[in-house]
Amino acid sequence: MRAIKLILAYDGTDFHGWQRQVNVRTVQAELERTAARVLQGPVSSKGASRTDAGVHALGQVARLLTDSPIPIENLRRALADRLPADMALRYAAEAPPEFDPAGHALGKLYRYRICNRQTRPVEPHVRRYCWHVWYRLDLEAMRSAAHVLVGTHDFAAFAGRGSPRESTVRAIRRFDIRRSYDELLIDVDGDGFLYNQVRNMVGTLVEIGRGHWPAERMSAILASRDRRTAGPTAPPHGLCLQWVRYPPQPEAADGT
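Note that our numbering has the sequence shown beginning at 33, numbered continuously upward.
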């Protein structure tokens, strides 16, 4: 069986997430359907991140398994041409048969975008990809609270119901918040994330930014390990998987 490493971008608006499901449109199902037509045979895929419904990606990594001998350049061109309009192929290359896009990942970077102005955004590039928060947010308070989350901690207070039961300990390497005109860009770089963890952390930071809670409360929330102490879950459309990090290794064949 031949393994192909793909890097995909997609607009998550009209998808019910990454993972294949019955009777709904998903990224994985569209990828496999398109690849099967191109390769004229069965395929299977695995993604690095099971993004939720409405969540976007610029750097989702996937492994495609196939028996087809099609040259990689032909596959790259055909797949890029035939994917639906809300998906794009950014990279395709041969990979070792044992490549596991989820298991071999060293870390992921997610970006959350907040449109922070009074007027509701009507621009498609803002409305579809940013959470509109009309009240002015205190950037310094949010940064102070986010700093508490950097490092290795038990993030049970920010775990959604679909999180694994065995461990809720994760490591965050970087948690940056910056303002760009009327947008807040929140970048979270970690070794892995629990279900809804990033969106729950963002929702909590917004409660602090709007003055409902002091920044100092973040330490108590983290220590509580109780989801009920944290803020609401931020909506999915503001979240985007930027990239997935892997150990350096030579490609099995020429890539891009």
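Heads up, the beta-carbon is just placed ideally off N, CA and C, and yes, glycines get one too. Everything numeric in this text was worked out from a predicted model, so none of it was measured.
Per DSSP, residue i forms a beta bridge with which residues?
i    : result
Q92  : L40
R108 : Looking at the DSSP assignment, R108 forms no beta bridge with any residue, so it has no partner.
F207 : V220
R143 : D219, C272
M119 : Y42
D186 : V201
L97  : A35, S76
S212 : E215
H164 : C147
A124 : L38
If I'm right that residue i touches residue j with Cβ under 8 Å, what's the distance once you round it to whole angstroms?
i    : j    : result
L96  : I36  : 4 Å
V182 : L254 : Not confirmed; about 11 Å, so no contact.
T83  : W50  : 5 Å
A94  : S77  : 5 Å
C272 : E215 : At roughly 13 Å, the Cβ-Cβ gap does not stay under 8 Å, so C272 and E215 are not in contact.
W275 : L115 : So it is not a contact: roughly 19 Å between Cβ atoms.
Q92  : A110 : That belief does not hold up - the Cβ atoms of Q92 and A110 are roughly 19 Å apart, past 8 Å.
I218 : R175 : That pair is no contact at about 10 Å.
P129 : M33  : 7 Å
M119 : E64  : About 12 Å separates the two Cβ atoms, so there is no contact after all.
V70  : L107 : 7 Å
R160 : T45  : 6 Å
L169 : V238 : 7 Å
Leaving out five residues on either side along the sequence, give the residues of the same chain with a beta carbon under 6 Å from the beta carbon of residue i.
i    : result
W166 : Q150
A112 : L121
R211 : L171
R52  : T58, Q60, A61
F207 : A178, L181, V182, V220
P264 : G235
Spatial neighbours of residue i within its chain, please: CB distance less than 8 Å, with the 5 preceding and 5 following residues excluded, ordered by chain position.
i    : result
Q229 : F187, F190, A191, G192, S195, R202
P280 : none
R205 : G139, V182, D221, G222, D223
H48  : V56, R57, T58, A85
C162 : R145, I146, C147, P153, E215, H269, G270
G73  : T98, D99, S100
F131 : A35, K37, R95
What I want to know is whether the C-beta of residue i ends up closer than 7 Å to one or more non-hydrogen atoms of the ligand ATP.
i   : result
D99 : Of ligands this structure carries none, so the ligand ATP is not represented either.
Kindly list the residues whose CB is nearer than 7 Å to the CB of residue i, restricted to its own chain and excluding five residues on each side of it in sequence; keep chain order.
i    : result
S251 : V180
A262 : A189, F190, N232, T236, I253
A173 : I240, G241, A247
S256 : A189
Y278 : H136, A137, L138
A285 : For A285, the predicted structure reports a pLDDT of 44, less than 50, and the residue's modelled location is therefore unreliable. A value from the coordinates is still provided. Answer for A285: I104, A125, E126, listed in chain order.
T200 : D186, F187, A188, A191, L226
H164 : C147, R152, P153
### Query
Three or more C-beta pairs closer than 8 Å, one from the segment 131 to 150 and one from the segment 219 to 232: is that the case here?
yes
### Runs of alpha helix (DSSP H) wholly within the segment 224 to 278 (minimum 4 residues, chain order)
229 to 241, 249 to 256
### Query
Would you say the segment 241 to 252 touches the segment 100 to 120, given that touching needs at least three Cβ pairs under 8 Å?
No, because fewer than three Cβ pairs between the segment 241 to 252 and the segment 100 to 120 fall closer than 8 Å, the two stretches do not touch.
#### Entry: Any 3 or more C-beta pairs closer than 8 Å across the segment 264 to 276 and the segment 68 to 86
yes
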